[in-house]
Amino acid sequence: MARILFGKTLLSLSIATLISACSQQNSSPVQTDTAAPNNIATLGLSNPSDHARTDTVLLPYADLGIAPAQATTLVAQTGGNVIASQLIDHNGDGEKDTLLLQTELAAAASQSITISNNPALFAAQQLPKRTQAEISRKTGGQWQGEKYIGGTFENVTEVTPPPQYTDHSEWIRYEGPGIESDKVGYRIYLDWRNGFDVFGNKTGAPVLHKVGLDGYESYHHMADWGMDLLKVGKSLGAGGYGYWDGQQVQLVSKVSGHTAKVIENGPLYSALQIQYKDWQIAGKTLQLTADLSMTAGSRLVHTRLTTSEILDNFAVGLVKLPKTRLLQGKLDIPGHSWTYLATWGEQTLTGGNDKLGMAVLFKRGDNKAITSDASSHVAVLEPSGTELEYYFLSAWDGEPGGIKTEAEFVAYLQQEVEKLTLAPRTELKTALSQQQKAGPMTAQKALDWSERLAASEMQRQTPYYAFGGWDYERGRPSKWEYTTGLQLQAYDDLLQLRPNPEWQQVLTDVIDSFITADGDIRTYKLTNFNIDSLNTGNMLLREYQRNPKSQYKQALDLLRKQLAEHPRTSEGAFWHKKIYPHQLWLDGVYMGMPFLANYTTAFEQGHALDEVVKEFTISRTKLRDPVTGLYYHGWDEAKAQNWADKDTG
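Count the sequence shown with our numbering and you get residues 850 to 1498, in order.
Printed below as a string of structure tokens:
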């Protein structure tokens, strides 16, 4: 699937992935001629914004329909011009797996990009170095207690400090790994402080390799390249992470050791990985892995945290300093939208009145609270299972073309969260998919495609919809909700034409996992009055008709009871949910009425069919635009919602 680097998945399943990974038929991947250009795919991109923007796009090899061995000379072109690109190891396993490319699109503009294996063009690329990740530690000296005496710095790709290493041991250059773009650099203290610091850059090119060669003191003073800008202390610094205990931030301090690795050090993309061993926090001992990456021309550090077990209340944030203003993005937005917590003001160590803006960017749905302690401004975030994703950034007015005012900084932040929320629209057509789709489409061939899609989903998600499993699409534990029911019904329809006992058993197992012996439904709560919850009842009814267990019938009756007690509008239409009072949504006729129609036909001699028709009638009256014939998504009888027309609802 094409992805924007900012974490936004654009295609839920690419045809290339489906074919190459999950086909039940024999097929050979596209062969790559290493001596001549070979077309791999065509990518269409469209800018959804009303302003020009630069985006970084990730194309995993699997989505391009090729194996890693076929991706050694990938080149992207548009209009005959080569687009800057880099082959990267995105998952940090030591192997290249993704083509990264950077595109510039005018407002609302579109672009067609051809991706090919082209050895000549690939070899001719000479991209300037615009990002850097590095670690440097001393060699040739000796330890004397907690200090390293003598020796010279040597760049390495991995370091695990010895037990005696601590802050100011003078063994690691600038006290930890560093990562930068041509805009700004950051260092992470590889000790108990776990501090996140900022290197202001005056040059417009990477500078970390010049920093701290003569020890810890020089970079605290202005040099021709810039300087260390921030006083971190015991805070989260410039976007660090820790744990919120309800009163204050607990830093990632109590660990048995660290390992830092350079994953990528390229012209457009560089990445670090830090492993924190045996972090003792909240009564647990966890393994924490942090993957941090930057791209050319960007101030943002993409931060992905992974824990060995679930840990709620991650704290991310910024040092609390005088002469600053706290800025906060919107919170009355959908859960998948991005927002920010930021500071702006005279918060540097330069001794002048220069300005520095810092921010952490996160999904609104991940945010549990905005708070603070004595040292830090904090966003408390809830991970998706064992994973959490966010960004941090710093913008110094001393950088070339730097942001000079608070208003400019806020406008910049708004554009960045828009880019995270609204990724470019994409259309990916691979040579492998075109090969597989060649020839006339017949009913048999269409059914084959359905079966192949089902095979893919059976590997990716379907069994994990069971209670105690994981919903990968929503990034949370599996629940009794409509997406589960929809997918299971799609399988059930397919299996009527292509029987598969193994798959049929998976459907039964998923439904059965939610139904208790006394007919209750795990994760379902009747008093939520959520009409979406009824959709999976259709699949439960199918299971009951095949295997009439008493607990299945009791669970069906429980769902029917919800409709009997469900709050309604004054004309009798069902509210969408209890938390959405007086609101009729178009979804409701789809989510709830098929279940009511099926249930009343099976058990009530169809007595409630008039009620089903009434719901459709009211929905048509309230939601249909008589001029266009199109339907509005929702209607608020109370006319109280901010999206509702004050006259019509």
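A virtual CB, placed ideally from N, CA and C, is assigned to each residue, including glycine.
Note that the structure is predicted; figures quoted are calculated from it, not measured.
Leu949 counts as buried, since no fewer than 16 other beta carbons sit within 10 angstroms of its beta carbon. Going by DSSP, Glu1414 is part of the alpha helix (DSSP H) stretching over Ser1399 to Glu1414. Sequence-distant Cβ neighbours of Glu953 in its own chain, meaning closer than 6 Å and more than five residues away, are Thr903.
As computed with DSSP, Asn1216 is found in a beta bridge with Leu1230.
Here DSSP, grouped into helix, strand and coil, assigns Gln1454 to coil. In terms of Cα proximity to Phe971, the closest of Pro917, Leu936, Trp992 and Gly989 is Leu936. In this chain, Ala1292 is not harboured by any beta strand (DSSP E); it is covered by the alpha helix (DSSP H) spanning Ala1292 to Arg1309.
The stretch 1166 to 1175 and the stretch 1189 to 1200 touch, with no fewer than 3 CB-CB distances between them shorter than 8 Å. About 7 Å separates the Cβ atoms of Thr1108 and Glu1007, confirming a contact at the 8 Å cut-off. For His1425, the three-state secondary structure derived from DSSP is coil.
With contacts defined by Cβ atoms closer than 8 Å, Arg1153 and Asp1161 do not form a contacting pair. A distance below 6 Å between beta-carbons, with the five flanking residues on each side excluded, links Asn888 to the following residues of its chain, in chain order: Ser965 and Ala1280. Residue burial is scored here from C-beta neighbours: Tyr1480 has fewer than 16 other C-beta atoms within 10 angstroms and is therefore classed as exposed. Contact check between the stretch 1003 to 1019 and the stretch 1029 to 1046: three or more CB pairs, one atom from each, fall below 8 Å, which counts as touching.
In the DSSP assignment, Gly1386 falls within the unbroken alpha helix (DSSP H) covering Thr1385 to Arg1395. Pairing Ala1087 with Phe1241 gives a Cβ-Cβ distance under 8 Å. Where Tyr1239 is concerned, the enclosing beta strand (DSSP E) starts and stops at Glu1236 to Trp1245.
Put simply, of Pro1249, Val1150, Gln1490 and Ser1382 the residue whose alpha carbon is nearest the alpha carbon of His1431 is Gln1490.
Per DSSP, reduced to three states, the secondary structure at Leu954 is strand. Per DSSP, Gln926 lies in no alpha helix (DSSP H) segment; the continuous beta strand (DSSP E) that holds it begins and ends at Leu923 to Thr927. Excluding the 5 residues flanking it on each side, Leu1137 has same chain C-beta neighbours closer than 7 Å at Val1101, Tyr1125, Trp1128, Leu1154 and Thr1156, in chain order. In this structure, Arg1036 is the residue among Arg1036, Ile1112, Leu1062 and Lys1110 with its C-alpha nearest to the C-alpha of Leu1078. Closest option to Ser961, judged by alpha-carbon separation, among Gly929, Glu983, Gln981 and Glu944: Gly929. According to the DSSP secondary-structure assignment, Phe1378 is paired through a beta bridge with no residue.
Gln1308 is positioned such that its CB atom lies no closer than 8 Å to that of Asp1367.
Assignment of beta strand (DSSP E) within the stretch 1120 to 1186, counting only whole runs of 3 or more residues, yields 1133 to 1144, 1150 to 1156, 1163 to 1168 and 1173 to 1177 in chain order.
Within the same chain, Asn1387 and Leu1390 come within 7 Å of Asn1447 by CB-CB distance, once the 5 residues on both sides are set aside. Taking His939 as the centre and dropping the five residues before and after it, the same chain places the C-beta of Asp946 and Thr947 closer than 6 Å to its C-beta, in chain order. The continuous alpha helix (DSSP H) containing Lys1268 extends over residues Glu1255 to Thr1270.
Residue burial is scored here from C-beta neighbours: Val1462 has fewer than 16 other C-beta atoms within 10 angstroms and is therefore classed as exposed. Bridge partners of Arg1274 according to DSSP: Ser895. In the displayed model, His900 falls within coil according to three-state DSSP, outside both helix and strand.
Around the beta carbon of Thr922, a 10 Å sphere encloses 16 or more other beta carbons of the protein chains shown; the residue is thus reported as buried.
Following the DSSP letters along the chain, one finds Phe1002 inside the beta strand (DSSP E) bounded by residues Thr1001 to Val1005.
By alpha-carbon distance to Tyr1340, the top candidate from Leu1302, Ile1370 and Glu1158 is Leu1302. A distance below 8 Å between beta-carbons, with the five flanking residues on each side excluded, links Trp1298 to no residue of its chain.
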